[in-house]
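Step one of this worksheet: look at the structure below.
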Amino acid sequence: MNKHAPSSACIRSGDDKKGDLERTESSIRPELLLSMPDIADNSISSEDDSDTEDPYSGRFVRYHFTPRFLMLRQIGATVDFQVGSKPIQKFRMIERHFFKDIHLKTFDFDFGYCMANSKNSCEHIYEFPSLSPDLIDEMIKHPYETRSDSFYFADDKLIMHNKADYAFDAGISDNTLP
1 MNKHAPSSAC IRSGDDKKGD LERTESSIRP ELLLSMPDIA DNSISSEDDS
51 DTEDPYSGRF VRYHFTPRFL MLRQIGATVD FQVGSKPIQK FRMIERHFFK
101 DIHLKTFDFD FGYCMANSKN SCEHIYEFPS LSPDLIDEMI KHPYETRSDS
151 FYFADDKLIM HNKADYAFDA GISDNTLP
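Counting along the sequence shown from 1, when you hit position 17 you're at 17 in UniProt numbering, and nothing is skipped either side.
Written as structure tokens, this is what we have:
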């Protein structure tokens, strides 16, 4: 994991425990956005999934928020996931957010123990950093240059890596950009 810049591709775990965990759905509140894909059904993959059975495909999602999203101090995000036949003693997610090569914030969420063959739902709260007006303007003017890497660990082993990028210009026409 690179602490200083977003990764260029999805990292593949050496130990394929991913088969024991499936992320099924996500939602974000409050709904202060013009459009946001539902990760379970409308993710935009960076790979062509058409004829592959690659377990790492579909690990990219693109979000399109209004500029108002950047004014929020916190949001709640719910993640639904299923655990396979083996319990997970310690399930954790580390998420790093960047704008270009500026590290904005790292979030570290501990989901704890997850029973085998269970369906789980967990809400975590994102406390956003204060952003300067100049940085907010730059983030609005440069759609999809804000990126994140989400690393999922089971019992301290990387099992999944998801990538996302973000735009904050929804609802702004080209002739109204600052």
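By construction, the Cβ of each residue, glycine as well, lies at the ideal position given by its N, Cα and C atoms.
Within-8 Å CB hit, residue 78 to chain D
The structure shown contains no chain D, having only a single protein chain.
Can you tell which of 115, 111, 65, 61 has the C-alpha that lies nearest to the C-alpha of residue 141?
65
If you follow the alpha helix (DSSP H) that residue 71 is in, where does it begin and where does it stop?
Note, residue 71: premise wrong, no alpha helix (DSSP H); not H, not E.
Is the separation between the beta-carbon of residue 121 and that of residue 78 shorter than 8 Å?
yes
Of the choices 155, 169, 163, whose alpha-carbon is the least far from that of residue 96?
163
C-alpha distance - residue 167 paired with residue 127, whole-angstrom precision
19 Å
Note down, in chain order, each residue of its chain lying with its Cβ closer than 6 Å to the Cβ of residue 139, except the 5 sequence neighbours on either side.
99, 146, 168
Run the CB neighbour count on residue 125, radius 10 Å, all protein chains shown included, and call it buried at 16 or more, exposed below.
Classification of residue 125: exposed, given that the 10 Å Cβ count is below 16.
What number of angstroms, rounded off, separates the C-alpha of residue 76 from the C-alpha of residue 93?
15 Å
Please look up how many angstroms separate the CB atoms of residue 165 and residue 62, rounded, as I've assumed it's under 8 Å.
6 Å
Is it buried or exposed for residue 108, if we count other Cβ within 10 angstroms and need 16 for buried?
exposed
Let me make sure I understand the geometry here. Which of 88, 59, 82 has the alpha-carbon closest to that of residue 156?
88
Helix, strand or coil for residue 145, going by three-state DSSP, please let me know.
In the structure shown, residue 145 sits in coil (DSSP, three-state: anything other than H, G, I, E or B).
In this structure, does DSSP put residue 140 in helix, strand or coil?
helix
Return the bridge partner residues of residue 92 from the DSSP annotation.
110, 153
What residue does the beta strand (DSSP E) around residue 60 start on, and which one ends it?
60-64
Residue from 161, 159, 132 whose Cα sits closest to the Cα of residue 70:
132
Exposure label - residue 85; buried when at least 16 CB within 10 Å:
Residue 85 is exposed by the Cβ-count criterion.
Out of 154, 102, 101, state which residue places its alpha-carbon closest to the alpha-carbon of residue 113.
Checked all of 154, 102, 101; the closest Cα to residue 113 is 154.
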